[in-house]
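Engineer: Dropping the structure in here first, questions after.
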Amino acid sequence: MRLISLIAILLLQSVSALHAKDVVFVGHITDEKNNYLSDVKISINQQAVYTNKRGEFKLSANQQPVYQLKFSKRGYYTAIQSFSDFELSAQLTAEKQIRSIALVEKVDGRVMLSFGGDVMMGRRFSKPKFNNPVLIHQQSKAQDTKFITRQVKPYLSIADYAAVNLETQISHERPEEKAPKSVVFFSPLETLSALKWAGVDYVTLGNNHTYDFLDEGLISTLDALKRSGLGFSGAGLNEKQALSAHQVTLNNTPFSMLGYVGWEGGFSPNQTAAMNKGGAAFGSEKNIVSGVTKESKQGRSVVVQYHGSQEYESEPTVMTEQRLKSAIDAGADLAIAHHPHVTQGFEIYKGKLIAYSLGNFIFDQYFYATPHSFVLNVWMDGETFHRAEVVPVYLKGYQPTPATGEQRAKLLKRVQTLSGKRGTHVTFSGGHAVILPKSSDSLIEKSPDLIVEANQRIVELPTSPHTQLFNQISSNDKSLSYRVGTRLTNGSTLESFNLYDSAERGWNTDSSDFSLTQLKANSGLNSLTSAISPKGAETLSMTNFARVYNGGNPMTVDLAVNVTGATQVNVYWQGRKKKDKLNDALNKGTKHFIKSFELDGSKGWQRLSAPFNSPRVGYRGIRFIVEFKNQSEIDNRVFVDDLSFIQWNSAFTPVGKAPINNELIPQSALIEFDRPLTKSDKVLVKYL
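Residue numbers (the working numbering): 1 to 688.
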């Protein structure tokens, strides 16, 4: 696939978005053996078509921000996939090609399980920070909790059985006595009815927040679960109850669901159940092996969910890995883990699937690394793992939504990279990743030529196709060097800012005069704008600190700015020191000057890049702040687009050579060259 200049692509995107009345999708549907499937129904809204004998389809739909396509055929599991208008507009053809989608056949004994990660609906859902909107109101909790789950309901509802990690206690109001720990959760009773409405059938309670409000909170939770009709395991009023499996029969196959937390807690009373004490099931190797063996000997398919490892890390701890593998050695057929709040990779171990971390699913964390997640669909043939599919999810304003474009690419490249380190290769079905029992090398696609405009140093790699992992750069100028990076921020193009009726919370638009506009844009349709009074100033910043970053590392604040009058732009970084309280760091923390720019209104859109090195030690997180000062005596309007906080993950490397490898290199989203490129430069991006 040949790519033309970035500016030309973006210009065409804007023109297409403004004038197109409908979008035409084309593609083909196969079975798992790559045989074409005829008579597959493809539907969107009230429109539908069927595939021909070659499995081909062509479907027109009215233009809209997001398209959700449903694929159904008798004798096969229904599939749902979502694509944004902005990501499709990168295809410069009239017809938008959807990557081949494979449907899974329904056979006797086959079961489709769906898993989501950590779930809670307390804390900032009703009492938000940063002037963000309230998501759950006291007078409308039933409607509000369902609204939060509405975007994933279609995905969960097609499964035979869906499960999440309920990382909260359930209560009508906050219980009086809490465990002696700093962070405790409770969520309203309506949380359970919303989950059930969305298609969830079972929750695991084996986690470190199941006993946050001790027995009062646990009893309230267990009672509410029994009334809700949801299955559960992983906690109880004593150790025997906590270690018991939830048993269910699905398509004539008996399943046992076990849930565990990986540590007891360093406080008293701790978080795990004992002989005469409530709490979560302690996931010691002994307890896991004993529980799995008991269920497996009954001829049941055993699913283990385990809550452990370190928060925000990309790899599981060795203890987690060993316990999950010991579970499979003892007879478990599937092992699912959570707790890090970020996604981790997959591994095929002795023919069984291990998912090391699902990340968050419905959660109120505002860190920039935590919104990327997935729904994991797993097809089991009794005790045999058949297939898994990773459905990308992005938590937008704490709410799970189908990830598209930049967010899809970021998640899938991470999954590919981290799974590949464990010898588990990922293939694709449409916009989803696929994992098979016998791993094979990913399909290698032809490397595209990347032609960029003159005077450009920082170049964004295309998010489509999302199947490609970066390897190296070659060029006709052998003296050229480059480095590659990833973003610490989300939603840089602003095209997904208001998707799914949920505003992006990564920028301080709820506490500043900046707001979304379509009056001007550097790319796509959207930008952020603010009117600044004569000699006045306005600030645009990251709402919060990026917690997951590399210390002592080259960084760049990069953004496109358009002003109507003389404007001084000052760029700063700010950090939260390890002992700082969040609000003190945000409101009183030192602003470290990086760079200043003088702009006028005659040059249109201008790219501003402010490089600096992140602090080596002593900080829990960092963010950037951009100050705009109106230098004129009249009102000035500022437009900002394509703003990124870039972490460079390699040193400058001569073209023709790959950077020294680390897990972030294949996930690269941007390239910086050691000089502005000229029209005579030809750059080839090579992928793994």
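We treat Cβ as the ideally placed atom computed from N, Cα and C, and that holds for glycine.
1. For the stretch 619–628 and the stretch 578–591, state whether three or more C-beta atom pairs, one from each stretch, are separated by less than 8 Å.
2. If I measure Cβ to Cβ from Asn613 and keep anything under 8 Å in the same chain, skipping five residues before and after, which residues do I get?
3. Does the stretch 599–608 come close enough to the stretch 499–519 that 3 or more CB-CB pairs lie under 8 Å?
4. Which parts of the stretch 27–115 are runs of the beta strand (DSSP E), unbroken and 3 residues or longer, counting only runs that do not cross its ends?
5. Please determine if the stretch 461–474 and the stretch 404–418 are in contact, where contact requires at least 3 C-beta pairs separated by less than 8 Å.
6. Leu237 to Ser72, Cα distance in whole Å?
7. Give me the DSSP bridge partner(s) of Asp558.
8. Do the CB positions of Val378 and His307 come within less than 8 Å of each other?
9. Considering only the beta carbon of each residue, do Met257 and Ser296 sit closer than 8 Å?
10. Taking the alpha carbon of Ala273 as the reference point, which residue from Ser602, Tyr211 and Leu222 has its own alpha carbon closest?
11. For Ser14 and Ser596, what's the separation of their Cα atoms in angstroms?
12. Determine whether the beta carbon atoms of Leu670 and Ile458 lie at a separation below 8 Å.
13. Answer with buried or exposed for Val342, where buried requires no fewer than 16 other C-beta atoms within 10 angstroms of its C-beta.
14. From this set, Met275, Gly199, Val484 and Gly109, which residue's C-alpha is nearest Glu663's C-alpha?
15. Within 10 angstroms of its Cβ, does Gln169 collect 16 or more other Cβ (buried), or is it exposed?
16. So is Gly174 buried or exposed if we call it buried at 16+ other beta carbons inside 10 Å?
17. Out of Ser126, Ser140 and Lys141, state which residue places its alpha-carbon closest to the alpha-carbon of Val134.
18. Rounded to whole angstroms, what's the CA-CA distance from Tyr482 to Pro676? Just pull it up for me.
19. Could you tell me how far apart the beta carbons of Ala79 and Leu59 are, in whole angstroms, since I believe they sit closer than 8 Å?
20. Is the beta carbon of Thr529 sitting closer than 8 Å to the one on Ser515?
21. To the nearest angstrom, how far is the alpha carbon of Asp364 from that of Lys53?
22. Compute the Euclidean distance between the alpha carbons of Asn45 and Leu92, then round it to the nearest angstrom.
23. Do Leu156 and Gly109 have their C-beta atoms closer together than 8 Å?
24. Ile646: which of Ile660, Phe624 and Lys629 sits nearest, CA to CA?
25. What separation, rounded to the nearest whole angstrom, lies between the Cα atoms of Ser373 and Thr191?
26. Output yes or no for whether 8 Å exceeds the beta carbon distance between Ile136 and Ile29.
27. If you drop the 5 nearest sequence neighbours on each side, which residues of the same chain put their C-beta closer than 6 Å to that of Asn766?
28. Since Asn636 and Thr564 should fall inside the 8 Å C-beta cutoff, what is the C-beta to C-beta distance between them, to a whole number of angstroms?
29. Where do the ends of the beta strand (DSSP E) carrying Lys178 lie?
30. Express the C-alpha separation of Val303 and Leu334 in angstroms, rounding to a whole number.
31. Check the DSSP bridge columns for Arg483 and list the partner residues they point to.
32. Got a sec? Which residues, its chain only, sit under 6 Å from Glu105 by beta carbon, not counting five neighbours each side?
33. If you draw a straight line from the alpha carbon of Ser668 to that of Tyr349, how long is it in whole angstroms?
34. Rounding to the nearest angstrom, what Cα-Cα distance links Ala280 and Ala194 in this structure?
35. Could you give the C-beta distance for Glu361 and Val119, rounded to a whole number, given that I count them as a contact under 8 Å?
36. Jot down the residue ranges of each uninterrupted beta strand (DSSP E) in the stretch 520–565, minimum 3 residues, whole runs only, in chain order.
Structural biologist: For this structure:
1. yes
2. Gly552, Asn553, Pro554 and Met555
3. no
4. 41–44, 47–50, 56–62, 66–72, 79–84 and 95–97
5. yes
6. 44 Å
7. Ser609 and Ser644
8. no
9. no
10. Tyr211
11. Confidence at Ser14 is low in this model, with a pLDDT of 39, below 50, so its placement is unreliable and the value that follows should be read with caution. Approximately 30 Å between the Cα atoms of the pair.
12. yes
13. buried
14. Val484
15. buried
16. It is worth fixing the name first, because residue 174 is Arg in this sequence and not Gly. Per the 10 Å Cβ criterion, exposed.
17. Ser126
18. 11 Å
19. About 15 Å separates the two Cβ atoms, so there is no contact after all.
20. yes
21. 47 Å
22. 25 Å
23. no
24. Phe624
25. 20 Å
26. no
27. The structure shown does not extend to residue 766, since the chain is modelled only from 1 to 688, so the question has no answer here.
28. 5 Å
29. Run containing Lys178: none; DSSP gives neither H nor E here.
30. 5 Å
31. Glu672
32. Tyr76
33. 28 Å
34. 23 Å
35. The amino acid occupying residue 361 in the given sequence is Phe; Glu does not appear at that position. The Cβ separation is near 5 Å, so the contact holds.
36. 527–532, 537–541 and 554–563
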